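Structure, as structure tokens:
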């Protein structure tokens, strides 16, 4: 299973219909909890997702609407008897805040603090890049290695079936049959998370060519002065990011409470993304709390 479970879509102030930030990326046997704001524990319950699904926590920065759900989530995991270790990634400058929040949680979870100070890989396939906000902020990118898609017709023609398929994949060869003879290249899937930032090189590096990009869209384009003052993205800037990076699907979220209807923001993002040279363009959608967004199908290399 690979999908984004949206737990909250508000920015600084929650509303009657939007909880504080919170996102769970379900990626095979991994569950990356991103920026758990206040109330994330309850949102997981409403989404029908067990706390044990969380295997890693990623914080972009120390602001409360991105972190105040941390004690509740860890406490719930403790109550549920979650036994696996839980790495928590965050900017090193946020260490005092993160340690204080973890200390508030019920003990029992094997929390492993993983502060980072610069761009680079922080776990296998998981990379961070600095963003441009009022405090140290980093975005995240998860990338799957390229692989191969097996072709049943070629397997049958080569006489490879049953357990031998697994042997062929593991060894790369079975007798005279090579994996390359019965498969085609497949690009690995990729995901990026860009939150609380003004336009910057780090955001573009994270988003480059990903299948699914989650990006803040705090303000409408006409409120660009506010976005500039608070170092956030407008909808158009988020769309331009997705288009310039050749993103497959752009998910807009982190909306200011001033907008009860985000239709205008979606239109602005789509218009800006339309300048992309990506074949087929970038799909743009706005999400609500408890939405689920599947990862696009894997693409064969043509």
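Residue numbers (our numbering): 372 to 673.
Glycine included, every Cβ here is placed at the ideal spot set by N, Cα and C.
No experiment lies behind these values; they were computed from the predicted model shown.
Pair within 8 angstroms by beta-carbon distance, residue i and residue j
| i | j | result |
| --- | --- | --- |
| residue 554 | residue 581 | no |
| residue 472 | residue 438 | yes |
| residue 625 | residue 568 | no |
| residue 401 | residue 426 | yes |
| residue 644 | residue 652 | yes |
| residue 459 | residue 480 | no |
| residue 621 | residue 607 | no |
Three-state secondary structure assigned by DSSP to residue i
| i | result |
| --- | --- |
| residue 374 | strand |
| residue 563 | strand |
| residue 554 | strand |
| residue 638 | helix |
| residue 515 | coil |
| residue 599 | helix |
| residue 389 | coil |
Sheet register partners of residue i (DSSP bridge)
| i | result |
| --- | --- |
| residue 460 | 429 and 485 |
| residue 467 | None; residue 467 has no bridge partner. |
| residue 587 | 624 |
| residue 657 | 623 |
| residue 534 | For residue 534, which the question treats as bridged, DSSP gives no partner whatsoever. |
| residue 630 | DSSP lists no partner for residue 630. |
| residue 509 | 501 |
C-alpha gap between residue i and residue j, whole angstroms
| i | j | result |
| --- | --- | --- |
| residue 407 | residue 476 | 14 angstroms |
| residue 451 | residue 422 | 7 angstroms |
| residue 536 | residue 399 | 21 angstroms |
| residue 618 | residue 667 | 11 angstroms |
| residue 633 | residue 657 | 8 angstroms |
| residue 584 | residue 496 | 16 angstroms |
| residue 639 | residue 420 | 33 angstroms |
| residue 388 | residue 631 | 9 angstroms |
Residues of its chain near residue i, where Cβ-Cβ distance is below 6 angstroms and the 5 sequence neighbours each way are ignored
| i | result |
| --- | --- |
| residue 409 | 391, 439 and 440 |
Own chain, CB closer than 7 angstroms to residue i, minus 5 neighbours either side, in chain order
| i | result |
| --- | --- |
| residue 509 | 431, 462, 487, 499, 500, 501 and 502 |
| residue 575 | 612, 615 and 616 |
| residue 386 | 628 |
Close Cβ partners of residue i (< 8 angstroms) along its chain, the five nearest in sequence each way excluded
| i | result |
| --- | --- |
| residue 483 | 456, 457, 458 and 459 |
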